[in-house]
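K.L.:
Using this note's numbering, you'd call the opening residue of the sequence shown number 22 and step up by one each time.
Where a beta carbon is used, it is the ideal one built from N, C-alpha and C, also for glycine.
Just so it is clear, the structure is predicted and the values come from calculations on it, not from any experiment.
Below is one structure. I have some questions about it.
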Amino acid sequence: MVMHAVAEAPLLLKLEGHASLPGRTCVVPRVGALETVVFFPGDLSLPKSEMLRDEMLRGYASWSAEDLTRTLAVRFPCYHTVTVLPSRHVLGFSCYDGGFLDQVNETGDPADGKYSSEGTCCAHVLALLLHTRARCPSLQSSRLHLLGFSKGGVVLNQILSELGAETVSTAAEQLLHMVASISWLDPGLNRPGPVFLEDSAQLRRAALRLAALAPSPPRLSVALTPYTSSTHRCGWWPSAAALLWLLLPRAWTESSTVAKLHQFEAALTLHGLPLRRQECSLHEPPSLRGHFAVLKDFHAPW
């Protein structure tokens, strides 16, 4: 099997997801690969052409959807890489509504601070991956490694919530048996809220279902940098987005991420599903560059 160390130019695809909702993926397929890295990005990461046309986002174009897809494809040359883009952006804020979450607020965070176990995220993600596969014949695999970076972690939380429903949907059941690992990479929100799934009943049911996939249950991991774990949260928000940010209530403390992670880890471990924790850029000050560097520095759990 021949694999290439240098990633080909990513393909940007417009697709239909669940219930014919529009979606986009950015793809680097690998001939012969048997597994797929599925990446959910955070704020800022639009297609490069759109970022270059936007005066506010132009300075961040090196973190475009294509660039992040290429970064992961170079890191994992024996895997397909599929970036699933948010349904929309507002002032650079990623909004994972339109099939992923039921509702989001003005900065793209979960609107009511909760994740619904009756949602359609699993169905939407599966539909987008299926249609991506139809456009890229070499992208044939059954094992998925889910990466949620920054705000992209809300998609992983929503998937867990649906796996924790009292009755699991057909789509969630399908996804359950395809997932090999789930990784939260420096997860965070723009306002205080559920960085991780917090509903104890949903967590218990999801953990038990994942742990029951023995002898190879999915491996779960979280990687943090000072950007999200520091008590002094720094943001990227320029111009109009900064003005919006100043109007929002803020209460960022250590409990925003680290304490919530302790609770999340304890709940999973209690039900037989260990969570691997790692810290990146530990001795560096919080920075946006360090935040994005986690994509190169985190230890893959597979």
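When you compare the stretch 99-114 with the stretch 183-192, are there three or more beta-carbon pairs, one atom per stretch, that lie closer than 8 angstroms?
P.N.:
Counting C-beta pairs closer than 8 angstroms gives fewer than three between the stretch 99-114 and the stretch 183-192, which falls short of the contact rule.
K.L.:
Report the option in 289, 71, 101, 30 whose CA atom is closest to the CA atom of residue 52.
P.N.:
Of the candidates 289, 71, 101, 30, the residue whose Cα lies closest to the Cα of residue 52 is 101.
K.L.:
Using the Cα positions of residue 223 and residue 281, report the straight-line distance between them to the nearest angstrom.
P.N.:
16 angstroms
K.L.:
Thinking C-beta only, is residue 227 closer than 8 angstroms to residue 177?
P.N.:
no
K.L.:
In angstroms, rounded to a whole number, what distance separates the CA positions of residue 157 and residue 213?
P.N.:
Straight-line measurement puts the Cα of residue 213 at about 39 angstroms from the Cα of residue 157.
K.L.:
To the nearest whole angstrom, what separates the beta carbons of residue 299 and residue 242, a pair I think is in contact under 8 angstroms?
P.N.:
7 angstroms
K.L.:
Since residue 200 contacts residue 165 with CB under 8 angstroms, what's their CB separation in whole angstroms?
P.N.:
Contact flag correct, Cβ pair sits at about 5 angstroms.
K.L.:
Can you list, in chain order, the residues of its chain with a C-beta nearer than 8 angstroms to that of residue 87? Leave out the 5 residues immediately preceding and following it.
P.N.:
Around residue 87: 30, 31, 33, 47, 68, 69.
K.L.:
In the DSSP assignment, the alpha helix (DSSP H) including residue 172 goes from what residue to what residue?
P.N.:
No alpha helix (DSSP H) holds residue 172; DSSP gives it neither H nor E.
K.L.:
If you run the structure through DSSP and keep just helix, strand and coil, what is residue 157?
P.N.:
Residue state, collapsed to three classes: coil.
K.L.:
Please classify residue 198: is it buried, with 16 or more other beta-carbons within 10 angstroms of its beta-carbon, or exposed?
P.N.:
Counting Cβ neighbours within 10 Å, residue 198 comes out exposed, since fewer than 16 surround it.
K.L.:
What is the DSSP secondary structure of residue 205, counted as helix, strand or coil?
P.N.:
strand
K.L.:
What are the boundary residues of the beta strand (DSSP E) that includes residue 44?
P.N.:
Residues 43-49.
K.L.:
On the three-state DSSP scale, how would you describe residue 183?
P.N.:
helix
K.L.:
What separation, rounded to the nearest whole angstrom, lies between the Cα atoms of residue 305 and residue 278?
P.N.:
Cα to Cα, residue 305 sits roughly 18 angstroms from residue 278.
K.L.:
For residue 304, name the three-state secondary structure that DSSP assigns.
P.N.:
coil
K.L.:
Using three-state DSSP, classify residue 124 as helix, strand or coil.
P.N.:
coil
K.L.:
Where does the unbroken alpha helix (DSSP H) through residue 69 begin, and where does it stop?
P.N.:
69-74
K.L.:
Quick one: grab the DSSP three-state call for residue 115.
P.N.:
strand
K.L.:
Thinking just about the alpha-carbon of each residue, which of 105, 290, 229 is nearest to the one in residue 187?
P.N.:
Of the candidates 105, 290, 229, the one whose C-alpha sits nearest the C-alpha of residue 187 is 229.
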